[in-house]
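In the numbering used here, the protein residues as written are 12 to 112. Below you'll find the structure, written out as structure tokens, and then a few comments.
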């Protein structure tokens with residue numbers, strides 16, 4: 012499970028390619044999921060909500076969905092005053108994206 016932004020061009024490219032394409036607001040460009048990591052999302056189905064302003068992609072995930080190396084971006088859970096990691100890391104992000112050091 013992850014959450015990402017998609018503009019009209021990203022949506023059209025997702026339909027054209029059959030893989031998830033998002034829009035990176037920080038980079039101001041299309042972001043082909045897996046373009047650096049190889050962790051692509053192949054579309055199974057596309058759903059829209061009742062207001063037609065939210066899209067849900069059901070995908071086949073190759074590798075980790077999260078850039079932190081987890082199968083989901085929602086790998087932390089709040090439990091009282093603690094935050095716990097609840098999923099197993101699939102890959103080391105430094106091995107995939109390189110170290111920032």
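Every residue, glycine too, gets a C-beta built ideally from N, C-alpha and C.
So, helix, strand or coil for residue i, using DSSP?
i	result
residue 43	strand
residue 106	helix
residue 28	helix
residue 23	helix
residue 73	coil
residue 79	coil
residue 33	strand
residue 58	strand
residue 112	At residue 112 the pLDDT is 47, less than 50, meaning the model places this residue with poor confidence and gives no usable figure here.
Rounded to whole angstroms, what's the CA-CA distance from residue i to residue j? Just pull it up for me.
i	j	result
residue 112	residue 104	Reliability fails at residue 112, whose pLDDT of 47 lies under 50, so the model's placement of it is uncertain and the value that follows must be treated cautiously. Going by the C-alpha atoms only, they are around 13 Å apart.
residue 22	residue 36	15 Å
residue 84	residue 39	21 Å
residue 19	residue 46	19 Å
residue 44	residue 24	12 Å
residue 107	residue 13	18 Å
Buried or exposed for residue i, going by 16 or more other Cβ atoms inside 10 Å?
i	result
residue 88	exposed
residue 77	buried
residue 69	exposed
residue 75	buried
residue 33	buried
List the whole-angstrom C-beta distance separating residue i from residue j, where the pair is believed to meet the contact cut-off of C-beta under 8 Å.
i	j	result
residue 80	residue 51	The pair is not a contact, with the Cβ atoms about 16 Å apart (cut-off 8 Å).
residue 97	residue 86	6 Å
residue 54	residue 30	6 Å
For the ligand FAD, I want to know if residue i counts as a neighbour, meaning its beta carbon is within less than 7 Å of at least one of the ligand's heavy atoms.
i	result
residue 48	The ligand FAD is absent from the structure shown, which contains no ligand whatsoever.
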